[in-house]
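Quick note: the sequence shown, position 87, residue 87 per the numbering used here, numbers continuous. Heads up: the structure comes next, in structure tokens.
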Amino acid sequence: MGGGPRVRYPKHVWSPAGGWYSQPANWKTNTAIIGAVMFGVAAMAFSVSADREVRTKFPEQGRFFPSRWWSKQIGEHEKESAAASKS
Numbered sequence: 001m002g003g004g005p006r007v008r009y010p011k012h013v014w015s016p017a018g019g020w021y022s023q024p025a026n027w028k029t030n031t032a033i034i035g036a037v038m039f040g041v042a043a044m045a046f047s048v049s050a051d052r053e054v055r056t057k058f059p060e061q062g063r064f065f066p067s068r069w070w071s072k073q074i075g076e077h078e079k080e081s082a083a084a085s086k087s
């Protein structure tokens, strides 16, 4: 029982991914490390992109616009327009 004999495979196979039937002992640690590195790179790219973002046309008031949460230029524009509308 069990579906037959174990599949034969060459013992001399080597590859960067680990070869046939690979299950490295520290795969969870390696996965966590590369996940943290990828998150860090994405966070740095997001930060640089948000700092360099420039708007020539500002979004309409009350319209959903996600970059309002991180764009300094839009925040300053909304404060100025709120101050101008009060006076």
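Note that the Cβ used here is the ideal one computed from N, Cα and C, for glycine as well.
In the pairwise beta carbon analysis, the region 47-55 is classified as touching the region 67-74: at least three pairs are separated by under 8 angstroms. In the assembly as shown, Ser71 is a buried residue. Its beta-carbon has 16 or more other beta-carbons within 10 Å. A straight line joining the alpha-carbon of Pro59 with that of Lys28 spans about 44 angstroms. The C-alpha of Glu76 is placed about 11 angstroms away from the C-alpha of Ala83. For Val37, the enclosing alpha helix (DSSP H) starts and ends at Trp27 to Arg52.
The three-state secondary structure of Gly3, taken from DSSP, is coil.
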